[in-house]
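Following: one structure in structure tokens, then a few remarks.
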Amino acid sequence: MKIRNILYLIFLIFLVTSYLFHWESGEKITANFITFALSMIKIVPVVFILIGLFEVWVKREIIEKHLGEDSSWLAFLWAILLSGTTIGGLYVAFPIAAVLHSKGAKLSVVFTYVGASAVCRIPMAVFEATFLGIKFTIIRLLVSLPLIILSSVIMGKILTKQKFVIKGE
Amino acid sequence: MQFLYLSTLILLVVSFLTNKKKTQKAIKIAYKKFTKILPAFLTMLIFISIVLFLVPQELILKVLGGSNKYLGTFFASVLGSLTLMPGFIAFPLAGILRQQGIPYMVLSAFTSTLMLVGILTFPIEKKFLGSKVTIIRNAIFFVISLIVSVVIGILFGEIGI
Chain S
940 MKIRNILYLI FLIFLVTSYL FHWESGEKIT ANFITFALSM IKIVPVVFIL IGLFEVWVKR
1000 EIIEKHLGED SSWLAFLWAI LLSGTTIGGL YVAFPIAAVL HSKGAKLSVV FTYVGASAVC
1060 RIPMAVFEAT FLGIKFTIIR LLVSLPLIIL SSVIMGKILT KQKFVIKGE
Chain F
20 MQFLYLSTLI LLVVSFLTNK KKTQKAIKIA YKKFTKILPA FLTMLIFISI VLFLVPQELI
80 LKVLGGSNKY LGTFFASVLG SLTLMPGFIA FPLAGILRQQ GIPYMVLSAF TSTLMLVGIL
140 TFPIEKKFLG SKVTIIRNAI FFVISLIVSV VIGILFGEIG I
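Same order as they appear, the protein sequences are chains S and F.
This note's numbering puts the first residue of the first sequence at 940, with every later residue one more than the last.
This note's numbering puts the first residue of the second sequence at 20, with every later residue one more than the last.
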């Protein structure tokens, strides 16, 4: 048996025993686990279906032309716009980033997408603004986005030279 | 959320009507990719449920509420990197913190690292980027979060220059 599976087993036994003996700490951990598992189950399978459809229908040339090595600065705009519609979090952004890269999107654009999907998902930004004010959200976006693009370009340049590839799955 | 379901369903139906074989292939790809990443998700979920138990909201309130704003910013960025919570928990929490008079720069350090830096998402990120690039990406984005906090601090008049 793999170490990972043993860990899962231990965790499961821990959950069941704390449930049986009404151990408060264990019950809290179980509640956390269920909350997060449910919020991910709602999103992740759907995202993978979209990724599957993307893989079979979208032509490589289209991605190469708009997001590939010879694309213009507009590629970064597309990446940011796409990230605005992303939901969930980084755990959703990585599979999408991988499929974009496998279709020919260049690394700097892919990293920009990952970073931007962390900071400017539209529903999240709106939610943030209601709690911390619009000024806060706007400053945060205006400062972090250029830095994300800049660091992505540098990372992309170095890693492309090293022939780095994002693993498909 | 309903929008996501609805649009996926429409795309699936359209895809199926246009080309049955391709659609089956898409589902197969989706299934394969999903099952391959599932263990990493499970590991992450276990980490999250334990860490969030160890770092409850009361503790976050206490740690960030310290009197020194620079120390607060530092602790906030460490907590934000360590934990992972959905927006519907994080931003109301930040709202509470704000009402308690905690500076914007501390809140910014917390929410930015929460979003940009993921120690708990490491098992997933590693699958795609490999350990080395994952560490570099997180380190760079950590620095970006700090820069954002400093700018927020200056523009909200919390850091005098």
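Backbone N, C-alpha and C fix where the C-beta goes; we use that ideal spot for every residue, glycine too.
Predicted model, so just to flag it, every value in this text is computed and none were measured.
Let me see if you follow: with CB-CB separation under 8 Å, is F972/S close to chain F or not? Here residue 972/S refers to the residue found at position 33 of the first sequence. Closer than 8 Å: yes.
Assuming T130/F contacts A113/F under a Cβ cut-off of 8 Å, what Cβ separation, rounded to an integer in Å, is found between them? By 1-based counting over the second sequence, the position of residue 130/F is 111. By 1-based counting over the second sequence, the position of residue 113/F is 94. 6 Å between Cβ atoms; contact.
Relative to the C-alpha of K151/F, which residue among M1094/S, R999/S and L1084/S is closest? Residue mapping note: residue 151/F aligns to position 132 of the second sequence, counting from 1. Ranking M1094/S, R999/S and L1084/S by Cα distance to K151/F puts M1094/S first.
Closest by CA to L992/S, which one among F107/F, K40/F and I143/F? Here residue 992/S is taken as the residue at index 53 of the first sequence, counted from 1. Comparing Cα-Cα distances from L992/S to each of F107/F, K40/F and I143/F, the minimum goes to K40/F.
Go through its chain and collect everything with a Cβ distance to G172/F's Cβ below 6 Å, but skip five positions before and after it. Taking the second sequence and counting its residues from 1, the one referred to as residue 172/F is at position 153. Cβ within range, chain order: M124 and I178.
Selection of the segment 989-1006 of chain S by Cβ proximity to chain F, strictly under 9 Å: L989, I990, G991, L992, F993, E994, V995 and W996
Chain S contact residues for Y89/F, given Cβ-Cβ distances below 9 Å: The residue you call residue 89/F lines up with position 70 of the second sequence. Here the premise fails: no neighbours, minimum Cβ distance about 18 Å.
Suppose you measure from the CA of V1048/S to the CA of P1085/S; what does that come to, to the nearest Å? Walking along the first sequence from the start, residue 1048/S turns up at place 109. Walking along the first sequence from the start, residue 1085/S turns up at place 146. About 13 Å.
Just to make sure I have the definition right: I need the residues of chain F whose C-beta is within less than 8 Å of the C-beta of S978/S. Which are they? Along the first sequence, read from residue 1 onward, the residue named residue 978/S stands at position 39. Ordered by position in chain F, the residues that pass the 8 Å Cβ test against S978/S are P105.
May I ask which residues mark the beginning and end of the alpha helix (DSSP H) holding V74/F? For this step, residue 74/F is matched to residue 55 along the second sequence. Looking at the DSSP string, V74/F is not in any alpha helix (DSSP H), and its letter there is neither H nor E.
Separation of F107/F from G1027/S, as counted between CA atoms: Mapped onto the first sequence, residue 1027/S falls at position 88. Mapped onto the second sequence, residue 107/F falls at position 88. Between G1027/S and F107/F, the C-alpha separation is close to 11 Å.
How many angstroms separate the CA atom of T1024/S from the CA atom of K941/S? Within the first sequence, numbered from 1, the residue matching residue 1024/S stands at position 85. Within the first sequence, numbered from 1, the residue matching residue 941/S stands at position 2. If I take the Cα positions, the gap works out to 38 Å.
Nearest residue (CA-CA) to M20/F, options G1007/S, L946/S and M979/S: Taking the first residue of the second sequence as position 1, residue 20/F is located at position 1. Per the Cα distances, M979/S.
Are V82/F and L101/F touching if we call contact CB-CB under 8 Å? Numbered from its first residue, the second sequence carries residue 82/F at position 63. Numbered from its first residue, the second sequence carries residue 101/F at position 82. Against a cut-off of 8 Å, the Cβ pair of L101/F and V82/F comes out as no contact.
CA-to-CA distance, I1088/S to L989/S, given in whole angstroms: Residue 989/S sits at position 50 when you count from the first residue of the first sequence. Residue 1088/S sits at position 149 when you count from the first residue of the first sequence. Their Cα atoms are separated by approximately 26 Å.
My parser needs the alpha helix (DSSP H) runs of 4 or more residues fully inside the segment 954-1032 of chain S; what are they? 963-980, 983-996, 999-1006 and 1013-1024
Helix, strand or coil for I121/F? Go by DSSP, reduced to three states. The residue given as residue 121/F occupies position 102 in the second sequence. I121/F falls in the coil class under three-state DSSP.
Who are the neighbours of I69/F on chain S, taking C-beta pairs under 7 Å? Residue mapping note: residue 69/F aligns to position 50 of the second sequence, counting from 1. Those are I968, listed as they occur along chain S.
Should P1034/S go down as buried or exposed, given a rule of 16 or more other Cβ atoms within 10 Å for buried? The count along the first sequence starts at 1 and reaches residue 1034/S at position 95. Under this definition P1034/S is a buried residue.
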